[in-house]
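In the UniProt record's numbering, the protein residues as written are 1 to 316.
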């Protein structure tokens with residue numbers, strides 16, 4: 001248990017600075033339906049049906065967690081540490097130590113993480129078609145998925161954001177919904193429960209980022225979380241080992257949404273002048289797309305909708 005003078009937002013921001021990208025395990029009493037032993041389940045085990053919120057960070061052989069539990073007629077903030085099985089250096093990615101083996105495989109120099117933020121590397125794909133619809137079709141064909149044709153009130157969503165969303169992202173969502181590619185890559189959408197709802201996660205991130213009590217440094221420094229009418233970051237995807245995939249949105253330049261991506265270990269942001277669907281395809285299919293490509297690990301090009309799992313998304 002922690003002092004009543006500290007709130008969850010304070011802990012989230014501080015822990016994210018220390019341990020990198022957080023993992024949303026429980027939000028509003030609903031458990032991430034995909035959570036497993038290797039993605040944070042040990043942080044949930046001690047609390048049975050009492051969890052309201054829980055966020056987790058992978059740190060070597062430990063899980064670090066903070067959240068809110070029901071306590072009598074009220075709620076109590078908690079911080080905990082749980083054991084985490086460190087993966088083999090040659091195993092497919094599943095946590096913080098995976099980054100080290102990826103660096104060894106790719107030859108990427110970890111000293112690059114110390115480069116000035118103003119010198120963030122721009123990485124642009126050139127050899128494959130640039131038409132966004134083509135990239136959406138490539139993702140569908142790669143996974144063998146039958147498009148769902150989901151109906152979405154995009155006008156309402158874009159009205160809240162104050163900008164139109166990328167056309168190919170909307171096509172991806174209408175075809176797949178929110179869920180997980182290759183058992184590893186989380187694609188955020190709408191209404192598949194809070195774990196896959198990008199609007200819910202954006203609202204939470206914006207609230208934390210704008211909380212003046214938490215200081216002036218953003219968790220996505222040197223950027224900020226996007227606020228309507230401004231310029232900033234909105235997350236649309238992540239990985240099991242907590243890499244982040246985002247758009248950099250500028251309300252004064254609607255339709256121009258480069259992808260920003262970074263590893264969970266707090267390394268530099270990588271800037272990609274490519275569409276959402278091209279970036280996703282390359283992550284899944286291009287073994288040379290480093291440091292984010294996963295094709296070389298034979299995880300399979302699959303997709304699972306954002307439902308099911310140990311708790312099936314039910315409230316605890």
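The beta-carbon is built from N, C-alpha and C at its ideal position, and this holds for glycine as well.
These figures come from a predicted structure and were not determined experimentally.
| Asked | Found |
| --- | --- |
| According to DSSP, simplified to helix, strand and coil, what is residue 136? | helix |
| In three-state DSSP terms, what is residue 248? | strand |
| Grouping DSSP H, G and I as helix and E and B as strand, with all else coil, what is residue 208? | helix |
| Taking just the CA atoms, how far does residue 254 sit from residue 42? | 42 Å |
| How big is the Cα-Cα spacing for residue 136 and residue 237? | 16 Å |
| For residue 207, which residues of its own chain have a beta-carbon under 8 Å away from its beta-carbon, when the five flanking residues on both sides are left out? | 9 |
| Just reading off the beta strand (DSSP E) that residue 277 is part of, what are its end residues? | Counting along the chain, residue 277 falls outside any beta strand (DSSP E), though it belongs to the alpha helix (DSSP H) covering 276-285. |
| Within the same chain, show all residues whose beta-carbon is closer than 7 Å to that of residue 283, passing over the 5 residues directly before and after it, in chain order. | 185, 289, 292, 293, 294 |
| With three or more beta-carbon pairs closer than 8 Å as the criterion, would you say the stretch 297-305 touches the stretch 244-258? | no |
| Return the chain-ordered list of same chain residues with a C-beta closer than 6 Å to the C-beta of residue 239, the five sequence neighbours on each side being excluded. | 184, 185 |
| Distance check for residue 262 and residue 162, CA to CA, integer angstroms please. | 25 Å |
| Can you grab the Cα-Cα spacing for the pair residue 119 / residue 244, in whole Å? | Residue confidence for residue 119 is low, a pLDDT of 34 falling below 50, so the modelled location carries little weight; the figure read from the coordinates is stated next. Rounded to the nearest angstrom, the two C-alpha atoms are 19 Å apart. |
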